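Engineer:
Protein chains: 4
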Amino acid sequence: MQVRKGRETPAEHSFTGAARRSQIIAATIETIAELGYGQTSFARIAERAGLSSTRLISYHFAGKDELMSAAVAEFYDHIGRFMAGRMADVTCARDALRTYITALVAYVADNRARMRAMMEIFLNFRDEDGASRSYDGGDENEVLGHLVRILRDGQRGGEFRDFDTFVMAATVQRALDGLPFLLEARPDLDLAACAEELVTLFDLATRSGP
Amino acid sequence: MQVRKGRETPAEHSFTGAARRSQIIAATIETIAELGYGQTSFARIAERAGLSSTRLISYHFAGKDELMSAAVAEFYDHIGRFMAGRMADVTCARDALRTYITALVAYVADNRARMRAMMEIFLNFRDEDGASRSYDGGDENEVLGHLVRILRDGQRGGEFRDFDTFVMAATVQRALDGLPFLLEARPDLDLAACAEELVTLFDLATRSGP
Amino acid sequence: MQVRKGRETPAEHSFTGAARRSQIIAATIETIAELGYGQTSFARIAERAGLSSTRLISYHFAGKDELMSAAVAEFYDHIGRFMAGRMADVTCARDALRTYITALVAYVADNRARMRAMMEIFLNFRDEDGASRSYDGGDENEVLGHLVRILRDGQRGGEFRDFDTFVMAATVQRALDGLPFLLEARPDLDLAACAEELVTLFDLATRSGP
Amino acid sequence: MQVRKGRETPAEHSFTGAARRSQIIAATIETIAELGYGQTSFARIAERAGLSSTRLISYHFAGKDELMSAAVAEFYDHIGRFMAGRMADVTCARDALRTYITALVAYVADNRARMRAMMEIFLNFRDEDGASRSYDGGDENEVLGHLVRILRDGQRGGEFRDFDTFVMAATVQRALDGLPFLLEARPDLDLAACAEELVTLFDLATRSGP
DNA sequence: CATGAATGAGCGTTCATTCAT
DNA sequence: TATGAATGAACGCTCATTCAT
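Chains as they are written, first to last, in the working numbering: chain A, 1 to 210; chain B, 1001 to 1210; chain C, 2001 to 2210; chain D, 3001 to 3210.
(1) Between C:Ala2113 and the rest of its own chain, which residues show a CB-CB distance below 7 Å, the 5 nearest in sequence each way excluded?
(2) In whole angstroms, give me the CA-to-CA distance for C:Asp2190 and C:Arg2174.
(3) Say whether chain D places a C-beta atom closer than 7 Å to the C-beta of C:Leu2191.
(4) Kindly indicate if chain A contains any beta-carbon less than 7 Å away from that of B:Ala1205.
(5) Suppose the cutoff is 7 Å on Cβ atoms and the five residues either side in sequence are ignored; what does the same chain contact list for B:Leu952 look like?
(6) Reducing DSSP to helix, strand and coil, say where A:Tyr135 ends up.
(7) Could you check if B:Ala1103 is buried or exposed, using at least 16 other CB atoms within 10 Å of its CB as the buried criterion?
(8) With a cut-off of 7 Å, does the C-beta of B:Val1167 fall near any C-beta of chain A?
(9) Assuming the contact rule is C-beta atoms closer than 8 Å, C:Thr2009 and C:Ala2049 should be a hit. Round their C-beta distance to whole Å, please.
(10) Roughly how many angstroms separate the alpha carbons of C:Arg2152 and B:Leu1056, rounded to a whole number?
(11) Mind checking who C:Arg2207 pairs with in its DSSP beta bridge?
(12) In whole angstroms, what is the alpha-carbon distance linking B:Val1148 and A:Leu97?
(13) Do the region 3163 to 3171 of chain D and the region 2176 to 2188 of chain C touch if we need at least three Cβ pairs shorter than 8 Å?
(14) Using only CA atoms, which one of D:Ile3024, D:Leu3035, D:Gln3155, D:Phe3166 lies nearest to D:Glu3142?
(15) Could you have a look at A:Arg186 and say whether DSSP puts it in helix, strand or coil?
(16) In angstroms with no decimal places, state the Cα-to-Cα distance between C:Leu2198 and A:Asp65.
(17) Using only the alpha-carbon positions, how far apart do D:Ile3024 and A:Ala109 sit?
(18) In the region 2016 to 2027 of chain C, which residues sit with their C-beta less than 9 Å from some C-beta in chain D, listed in chain order?
(19) Using 8 Å for Cβ pairs, my map puts C:Thr2206 next to C:Gly2154. What's the rounded Cβ distance?
(20) Kindly provide the ranges of any alpha helix (DSSP H) runs that are 4 or more residues long and lie completely inside the region 2005 to 2090 of chain C, ordered along the chain.
(21) With D:Glu3120 as the anchor, note down where its alpha helix (DSSP H) starts and where it stops.
(22) I need the DSSP call for B:Val1143, collapsed to helix, strand or coil.
(23) Could you name the residues of the region 2060 to 2086 of chain C whose beta carbon sits closer than 9 Å to any beta carbon of chain D, in the order they occur along the chain?
(24) Are the C-beta of C:Gly2154 and some C-beta of chain D separated by less than 7 Å?
(25) Return the CA-CA distance between D:Ala3027 and D:Ile3045, expressed in angstroms with no decimal places.
(26) Measuring alpha carbon to alpha carbon, tell me which of B:Ile1121, B:Ser1014, B:Ala1093, B:Cys1092 ends up nearest B:Thr1040.
(27) So is D:Arg3094 buried or exposed if we call it buried at 16+ other beta carbons inside 10 Å?
(28) Taking only beta-carbon positions, decide if D:Ala3175 is within less than 7 Å of chain C.
(29) What is the rounded straight-line gap between the Cα of D:Thr3054 and the Cα of D:Ser3022?
(30) Helix, strand or coil for D:Cys3194, going by three-state DSSP, please let me know.
(31) In chain order, what residues of the region 2092 to 2122 of chain C put their CB closer than 8 Å to some CB of chain D?
(32) Use the C-beta contact count for B:Ala1117: other C-beta atoms within 10 angstroms, 16 or more gives buried, fewer gives exposed.
(33) Between the alpha carbons of B:Ile1079 and B:Gly1036, how many angstroms are there, rounded?
(34) Measure from the C-beta of C:Leu2183 to each C-beta in chain D and report whether the shortest distance is under 7 Å.
(35) If you run the structure through DSSP and keep just helix, strand and coil, what is A:Gly178?
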């Protein structure tokens, strides 16, 4: 997907190299989460990571773009593993939707900084043409695709009423994505209760029967 | 709310001064909408506004912060007038919620660039302490307050079931805020149909009866 | 010819602006002449010009490219005026060639640093595509064009024998361009004598008669 | 001539070491020829040579200076062998001059990249004191020495008229050195015809008789 | 009300080189 | 013989802002 140009980046095969990359990515996420994307510079990242100079970042990543891409990729991997584990044994579409919501709320609760950072990256990181790099794939979108599939299955099986799956999926996802903001406004928010509210909300909004 | 420090800004009472401010704010919104907050600089704004130097911006606004605050204030004023007109003669809470959703969808449809720009500002604009300046007011939050009041009224009047009004309001608001992103992913999205989907969705999610 | 993009450079109409530009160009030429193109940086130029920071250079020139282009343009203007004055009242092609050589040698003698700097710029300054920006225009080349015309006129009038005017012009020009190198190797070189040697050399090489 | 400082360079006696050095030198010449001296870095050379890191260059050469010196030395060796073969059986000074010119033109035609690279190195490569490392030896100059000797011999033997041998040699050499530039301006230039032009030009310019 | 000139700090990136195996 | 890792310095450039009319 991402093509590197000059081949200046060292091989990431080695153990210590991968460790450094992880360390830098972690520092990047922390910095973005705390200061925001706009205030995040190589200097600030290096400082947080305890690196002697920003040169080490340039050494391990071809540029700012690759660093951000790597951070996003790491996030997808992390959340993907988590969600796959939670979604493994769902029995029906209603259960799948309930589980999706509760699992994601749990993930958000445990990864607030990570979520904040990803939000920042998604909203600020643009490619050379100026196009945003997220939410731009339609139904088969990397993020919404899973939800859309759950909703479609539920409609086919008669569990869910007839609605636009894309709009519904986007509404569910944004309610979940928005939790970090809610937590900022109300740090004492009971996330378990919150998850129940959302489960009920979308169960009522989707189910077919009375 | 916003405190100016150095008091260098000229009086905005004069006609030409106000006109200049409006022109600069408009150019700011356009620039942010097109390039994103991160790529928006005084130089880029001045270029778009056809100003000879960035000095004119510094002259009319105490700094970047005041410029952004002014843009947000202008937006609140604009959308406030629009929504007030639409919400003027609602008859009940269900109607109020339906009207809120359809009106906001209509506003988004007609002000896509403005919405995009505000989204960018809300998510990137931080005060000196690093705290985000939006969504940070709790129930009486400037944005969610109106929705929360509608939902509470509906609960009191028995039209709506029992739910956490803050979570519900945030979910509604985020679904609406997210429309610009949906439009980016699917530029041909039918916004009228979309509004109907959301009205139905939240009607089912909120109403008390069977 | 050169198109500027972002319009960040200030108007060069004003007096003080033009003076600053000249000062910076002069410092640029001196720096290149002394240290070579490769060792010439904004920092080094600013230091020599006594500027408080390199920012002033970026302020007056859109970038390194425009600075170099401006230096070259100033050079063409300077040498153009000089040569035009010397070539004003030549009587025939042989005289024109002799005058061209002696005048250029005189110019070189009086503008050694300037010549050295231009040599460096011509040989190092490349546009974005990597193409050299000098000596690349064929007969109508800005530099060789004048010489080619002299030679052609002489051939038409029977003063010069038949030869390839482009090759001859290039040989003359390079002999002249090379003088700064000769002067480096032999700082005590008698330039007047040298001019006579070259006049004789190319007179013998070009003339038609016995 | 070239002194190494730190003595970190490995023995070049070994076979693989010498091969590596040759490979690196070749990549260096290609890179300079294509991108120019200013854009040539260890990274770019390593990339072209297919090396995993720039470290290999630092390992085989004490530094950038030694790498360039080695490239120049290789060039002198290469062109020296070629010219020696061509100049072996010249019969007189006029013949020597003609042969020198035609042979050098032939060499240039067959080694355009190499010539371009050497030009770049000569004009950009400076020692620590900032002094250029080429054309700086007077009569016994490595490059011009041979030509000066031919011209002196011709004068002593009465074949050539009286002229400054240094100026004449420099003029001849620069006409030949300039061919790569001419070829850039006119890629379809007929080099054989060009050689004849130059032979005639300098024969007329040097010969004693009528 | 307007503006040309100037500024120090910071940006991401590239440089040749050294360290430690 | 070779290599991955690391480094401080410098690069051109852009930032929001201030000075002085």
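For glycine and all other residues, C-beta sits at the position ideal for the given N, C-alpha and C. Only a predicted model underlies this, so the values are computations on that prediction, with no experimental measurement involved.
Structural biologist: Looking at the coordinates:
(1) Residue mapping note: residue 2113 of chain C aligns to position 113 of the third sequence, counting from 1. The residues are Ile2029, Glu2030, Ala2033.
(2) Position 190 of the third sequence, counted from the first residue, corresponds to residue 2190 of chain C. Position 174 of the third sequence, counted from the first residue, corresponds to residue 2174 of chain C. Roughly 19 Å separates the two Cα atoms.
(3) The sequence position of residue 2191 of chain C within the third sequence is 191, counting from 1. Closer than 7 Å to the CB of C:Leu2191 there is not a single CB belonging to chain D.
(4) By one-based count along the second sequence, residue 1205 of chain B stands at place 205. For B:Ala1205, the answer is yes, since a Cβ of chain A falls inside 7 Å of its Cβ.
(5) Nothing can be reported for residue 952 of chain B: it is not among the residues displayed for chain B, which extend from 1001 to 1210.
(6) Locating residue 135 of chain A in the first sequence gives position 135, counting from the first residue. Below a pLDDT of 50, predicted positions are generally treated as unreliable, and A:Tyr135, at 45, falls in that range; the measurement from the model is reported next regardless. DSSP, read as helix, strand or coil, puts A:Tyr135 in coil.
(7) By 1-based counting over the second sequence, the position of residue 1103 of chain B is 103. Flag for B:Ala1103 reads buried.
(8) Looking up residue 1167 of chain B in the second sequence gives position 167. At least one CB atom of chain A sits nearer than 7 Å to the CB of B:Val1167.
(9) Walking along the third sequence from the start, residue 2009 of chain C turns up at place 9. Walking along the third sequence from the start, residue 2049 of chain C turns up at place 49. Contact flag wrong, Cβ pair sits at about 17 Å.
(10) The sequence position of residue 2152 of chain C within the third sequence is 152, counting from 1. The sequence position of residue 1056 of chain B within the second sequence is 56, counting from 1. C:Arg2152 and B:Leu1056 have their C-alpha atoms spaced approximately 58 Å apart.
(11) For the purposes of this step, residue 2207 of chain C is identified with residue 207 of the third sequence, where counting begins at 1. Answer is C:Phe2160.
(12) Walking along the second sequence from the start, residue 1148 of chain B turns up at place 148. Walking along the first sequence from the start, residue 97 of chain A turns up at place 97. Their backbone Cα atoms lie some 26 Å apart in a straight line.
(13) Segments in contact, yes.
(14) Start at 1 with the first residue of the fourth sequence, and residue 3142 of chain D comes out as number 142. Of D:Ile3024, D:Leu3035, D:Gln3155, D:Phe3166, the residue nearest in Cα terms is D:Phe3166.
(15) As a working mapping, residue 186 of chain A is identified with position 186 in the first sequence. A:Arg186 falls in the coil class under three-state DSSP.
(16) Mapped onto the third sequence, residue 2198 of chain C falls at position 198. Mapped onto the first sequence, residue 65 of chain A falls at position 65. Answer to the nearest angstrom: the Cα atoms are 58 Å apart.
(17) Numbered from 1 along the fourth sequence, position 24 holds the residue referred to as residue 3024 of chain D. Numbered from 1 along the first sequence, position 109 holds the residue referred to as residue 109 of chain A. Distance between the alpha carbons of D:Ile3024 and A:Ala109 is about 55 Å.
(18) Within the region 2016 to 2027 of chain C, no residue qualifies.
(19) One-based indexing of the third sequence puts residue 2206 of chain C at position 206. One-based indexing of the third sequence puts residue 2154 of chain C at position 154. The distance from the Cβ of C:Thr2206 to that of C:Gly2154 is about 7 Å, consistent with a contact at the 8 Å cut-off.
(20) With a minimum length of 4 residues, the continuous alpha helix (DSSP H) runs that stay inside the region 2005 to 2090 of chain C are 2015 to 2035, 2042 to 2049, 2055 to 2060, 2064 to 2087.
(21) Position 120 of the fourth sequence, counting from 1, holds the residue named residue 3120 of chain D. The continuous alpha helix (DSSP H) containing D:Glu3120 extends over residues 3112 to 3124.
(22) Start at 1 with the first residue of the second sequence, and residue 1143 of chain B comes out as number 143. Residue state, collapsed to three classes: coil.
(23) Along the region 2060 to 2086 of chain C, there is no position whose C-beta sits under 9 Å from a C-beta of chain D.
(24) Here residue 2154 of chain C corresponds to residue number 154 of the third sequence, with the count starting at 1. No - not a single Cβ of chain D is within 7 Å of the one on C:Gly2154.
(25) Along the fourth sequence, read from residue 1 onward, the residue named residue 3027 of chain D stands at position 27. Along the fourth sequence, read from residue 1 onward, the residue named residue 3045 of chain D stands at position 45. Each residue's alpha carbon lies about 6 Å from the other.
(26) Taking the second sequence and counting its residues from 1, one reaches residue 1040 of chain B at position 40. Taking B:Thr1040 as reference, the option from B:Ile1121, B:Ser1014, B:Ala1093, B:Cys1092 with the minimal CA-CA separation is B:Ile1121.
(27) For the purposes of this step, residue 3094 of chain D is taken as residue 94 along the fourth sequence, with counting starting at 1. By the neighbour-count definition (other C-beta atoms within 10 Å, threshold 16), D:Arg3094 is a buried residue.
(28) As a working note, residue 3175 of chain D is residue 175 in the fourth sequence. True, the Cβ-Cβ gap to chain C drops below 7 Å.
(29) Along the fourth sequence, one-based indexing puts residue 3054 of chain D at 54. Along the fourth sequence, one-based indexing puts residue 3022 of chain D at 22. Going from the Cα of D:Thr3054 to the Cα of D:Ser3022 covers about 15 Å.
(30) Here residue 3194 of chain D refers to the residue found at position 194 when the fourth sequence is read from its first residue. Three-state result, D:Cys3194: helix.
(31) Of all residues in the region 2092 to 2122 of chain C, the ones placed with a Cβ closer than 8 Å to any Cβ belonging to chain D are Met2119, Glu2120, in chain order.
(32) The count along the second sequence starts at 1 and reaches residue 1117 of chain B at position 117. B:Ala1117 should be labelled buried.
(33) Within the second sequence, numbered from 1, the residue matching residue 1079 of chain B stands at position 79. Within the second sequence, numbered from 1, the residue matching residue 1036 of chain B stands at position 36. Near 21 Å, if we compare the C-alpha coordinates of B:Gly1036 and B:Ile1079.
(34) By one-based count along the third sequence, residue 2183 of chain C stands at place 183. So, not an interface residue.
(35) The residue given as residue 178 of chain A occupies position 178 in the first sequence. A:Gly178 falls in the coil class under three-state DSSP.
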